[in-house]
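Numbering of the sequence shown is given in the working numbering, commencing with residue 24 and proceeding in unit increments.
C-beta: ideal position from N, C-alpha, C; glycine also.
None of these values were measured; they are calculated from a predicted model.
As structure tokens, the structure follows; a few thoughts come after it.
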Amino acid sequence: LWVVRAELVAPGQAPSGDFDLAMVRVPNGADGDLTDALIEAAETEGVRAIVGCSGRLIPERDGASVDADRLAAALAKSNTLWVIDARLERLDPSASDLRRARDAGVTFAIASVDCGQPTTALANGALHCQRGWVARDSLANLWSVEEVKAWL
24 LWVVRAELVA PGQAPSGDFD LAMVRVPNGA DGDLTDALIE AAETEGVRAI
74 VGCSGRLIPE RDGASVDADR LAAALAKSNT LWVIDARLER LDPSASDLRR
124 ARDAGVTFAI ASVDCGQPTT ALANGALHCQ RGWVARDSLA NLWSVEEVKA
174 WL
């Protein structure tokens, strides 16, 4: 499985190339409204996951503005994962955005790759999912290999 992770730069600049799936993340310090750019990325062939959505850093800075309802609808329609950045200084998307996205039918994953202690990040992510009322069957981290292959 070949995965590429790319930063969202601007609309029309989603990653392309020879890979199985792409994960797009909001760059640190992003500001303005990123809704349209994130939706465009989610609808781009090969992009299968959006990481976080705002790039916020708790408590130092708020993140970029995102219409979570519009983004959730696009993610559900395109069957694109919404990856929860589970580091305590991020917890992005927010618990209230998780609830609304869950209602829209979004599937989630918990990211722990960027954390020095991935098991801690997974535990943080699981607690954040509880705050957002995310059901186990909506969490890709718990999928079997067969379920991952079917999703790809």
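Could you tell me if residue i is buried or exposed, where buried requires 16 or more neighbouring beta carbons within 10 angstroms of its beta carbon?
i	result
G78	buried
A134	buried
A233	This structure gives no information on residue 233, because the portion of the chain shown stretches from 24 to 175.
D120	buried
L57	buried
G148	buried
A173	exposed
Quick check: the Cα distance between residue i and residue j, rounded to an integer number of angstroms?
i	j	result
V129	D85	24 Å
V49	E68	18 Å
D7	S167	This structure does not reach residue 7, given that the chain is present from 24 up to 175, and the question cannot be answered.
A144	A109	5 Å
Q153	L61	25 Å
P116	L162	14 Å
L150	C76	19 Å
In three-state terms, what does DSSP make of residue i?
i	result
R71	strand
S167	coil
I81	coil
S101	helix
W25	Note that W25 scores a pLDDT of 47, beneath 50, so its modelled location is shaky; the value from the coordinates is reported in the next line. The answer is coil: DSSP assigns W25 none of H, G, I, E or B.
D92	helix
D56	strand
A173	helix
A134	strand
L121	helix
L145	helix
A45	strand
Tell me which residues share the same chain as residue i and place their Cβ nearer than 7 Å to its Cβ, disregarding the 5 neighbours each side in the sequence.
i	result
R71	L44, A45, T103 and L104
N4	Nothing in the structure corresponds to residue 4, since the chain is present only between 24 and 175.
G155	A118, L121, R122 and R125
L94	T58, L61, I62 and C76
G55	A87 and S88
Tell me which residues share the same chain as residue i and place their Cβ nearer than 8 Å to its Cβ, disregarding the 5 neighbours each side in the sequence.
i	result
D92	R123 and A127
I81	L111, E112, R113 and L114
Given 7 Å as the limit, tell me if residue i has its C-beta closer than that to any heavy atom belonging to the ligand COA.
i	result
I62	Judged by which ligands are present, the structure shown has none, so any question about the ligand COA falls away.
### Query
Does the count of Cβ pairs from the segment 86 to 100 and the segment 117 to 128 closer than 8 Å reach three?
yes
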